[in-house]
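Student: Residue numbers (full-length UniProt numbering): 1 to 289. What follows is a structure written as structure tokens; I'll ask about it next.
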Amino acid sequence: MEINKLLIHTDEARRLIREGAILPVDCRGKDQYSRGHIPGAACISVAGLQDPESPAGDLLPEEELIRTIRHAGIDSSRRLLLYDESGLVPSAKLFWILESLGRKNISLLDGGWPAWRQQNLPEETGNENVTNGSAASETEAANPDGLFTRSGENTATAELEDVLNVLNAGDTAIVDARSAGEYSGETVTAEKNGHIPGAVHIEWQEHLEDILTPRFKPKEDLRKLYESRGVTPGQNVIVYCRSGTRSSHSYFTLRYLGYSEVKNYAGSWLEWGNHPDTPVSSAVRSGSD
1 MEINKLLIHT DEARRLIREG AILPVDCRGK DQYSRGHIPG AACISVAGLQ DPESPAGDLL
61 PEEELIRTIR HAGIDSSRRL LLYDESGLVP SAKLFWILES LGRKNISLLD GGWPAWRQQN
121 LPEETGNENV TNGSAASETE AANPDGLFTR SGENTATAEL EDVLNVLNAG DTAIVDARSA
181 GEYSGETVTA EKNGHIPGAV HIEWQEHLED ILTPRFKPKE DLRKLYESRG VTPGQNVIVY
241 CRSGTRSSHS YFTLRYLGYS EVKNYAGSWL EWGNHPDTPV SSAVRSGSD
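As structure tokens, this is what we get:
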């Protein structure tokens, strides 16, 4: 069965899980997983994919990252259905990580775990089937069956140099997914505060009708949101936040809307705001100016 949807609602998700067409992946972590999860779900903590020695929260080296993901149970050729209970931010980050590695066929569960529970759908408890991702052997082949298919450049991720190169080009939209205070510079999070020059502000929460039960707004409303800020289909887009986590939500949303050239700036403000040579703007800029 071919499933092309990036966002799947609970009723359809239950049917597809029952048919064995998709593998649910719980992105909340072991403790929450053990208290209740979708039957048959794999479990992975996105925080566990970060390099513990990196002060900026960089991801693990690529081969180790793939081994850790596989060891957590995400080694199926089935479509993956990611969910959590934190605004779908962890799920969106895993979506971006997997796409950056070339893993295809990934969806998010609209409404996440709260929507599943609200409808009294089946759940399991315990963590007997959970493996410890950190136990993945260094000698284990990272990608023996080719499920991670990227060859060449990582087209889902922007680096510092990529952002600097597009600042004056005019053909790439830059989207800041942080809070209004972070964007304006009133909220201090780094040595320099404000936003990347030319970036438009679309906070990640604007994608959702409700944060607690994180259902996305209708597609047409989301299209209007981005286009009203000057982010139009066909453009190259770079999204960022403080650490590349909230902006993963923007990355997913733009992919959901059909934007094909989207990159998440992994270093985000932790890198940009602490770099001695990066330009910063603190004047609030509206996309409708």
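By construction, the Cβ of each residue, glycine as well, lies at the ideal position given by its N, Cα and C atoms. Keep in mind the model is a prediction, meaning the values are calculated, not measured.
1. What residues match up with ALA158 in a beta bridge as DSSP calls it?
2. By alpha-carbon positions, which one of GLU161, VAL166, LYS30, PHE252 ends up nearest to ALA177?
3. If you draw a straight line from the alpha carbon of ASN132 to that of LYS224, how long is it in whole angstroms?
4. So, is GLY181 buried or exposed, given that buried needs 16 or more other C-beta atoms within 10 angstroms?
5. CYS43 and GLY73 - do their beta-carbons sit closer together than 9 Å?
6. Tell me the rounded alpha-carbon separation between GLY170 and LEU82.
7. Please say whether ALA190 and ALA266 have beta carbons closer to each other than 9 Å?
8. Please state whether DSSP places VAL280 in a helix, a strand or coil.
9. Hey, how far is the Cα of SER286 from the Cα of GLY230?
10. In the structure shown, what three-state DSSP assignment does VAL163 receive?
11. Give every residue of the same chain whose Cβ lies closer than 6 Å to the Cβ of GLY36, excluding the five residues on either side of it in the sequence, and list them in chain order.
12. Considering just the uninterrupted stretch of the alpha helix (DSSP H) at VAL46, what are its terminal residues?
Tutor: Working from what's here:
1. In the sequence shown, counting from the first residue as 1, residue 158 sits at position 158. BP columns for ALA158 point to TYR265.
2. Position 177 of the sequence shown, counted from the first residue, corresponds to residue 177. Closest by alpha carbon: PHE252.
3. Against the sequence shown, residue 132 aligns to sequence position 132. Against the sequence shown, residue 224 aligns to sequence position 224. Residue confidence is low: ASN132 scores 49 on pLDDT, short of 50, so the model does not pin down where it sits. No coordinate-derived value is stated.
4. Position 181 of the sequence shown, counted from the start, is the residue given in the question as residue 181. Exposed, since its Cβ has fewer than 16 Cβ neighbours within 10 Å.
5. On the sequence shown, position 73 is the one that residue 73 refers to. On the sequence shown, position 43 is the one that residue 43 refers to. Their beta carbons are under 9 Å apart, which means GLY73 touches CYS43 by this criterion.
6. Mapped onto the sequence shown, residue 170 falls at position 170. Mapped onto the sequence shown, residue 82 falls at position 82. Put simply, the backbone Cα of GLY170 is about 35 Å away from that of LEU82.
7. Locating residue 266 in the sequence shown gives position 266, counting from the first residue. Locating residue 190 in the sequence shown gives position 190, counting from the first residue. No, these two residues do not count as a Cβ contact at 9 Å.
8. As a working note, residue 280 is residue 280 in the sequence shown. In this structure, VAL280 counts as coil in the three-state DSSP scheme.
9. Your numbering for residue 286 matches position 286 in the sequence shown. Your numbering for residue 230 matches position 230 in the sequence shown. Confidence in SER286 is poor, its pLDDT being 44 and thus under 50, which makes the residue's placement unreliable; the coordinate value appears in the next sentence. Their backbone Cα atoms lie some 9 Å apart in a straight line.
10. Against the sequence shown, residue 163 aligns to sequence position 163. Helix, per DSSP.
11. Here residue 36 corresponds to residue number 36 of the sequence shown, with the count starting at 1. Excluding positions up to five away in sequence, the list reads GLU123, THR125.
12. Here residue 46 refers to the residue found at position 46 of the sequence shown. Taken as a continuous stretch (DSSP letters only), VAL46 belongs to no alpha helix (DSSP H), as it is neither H nor E.
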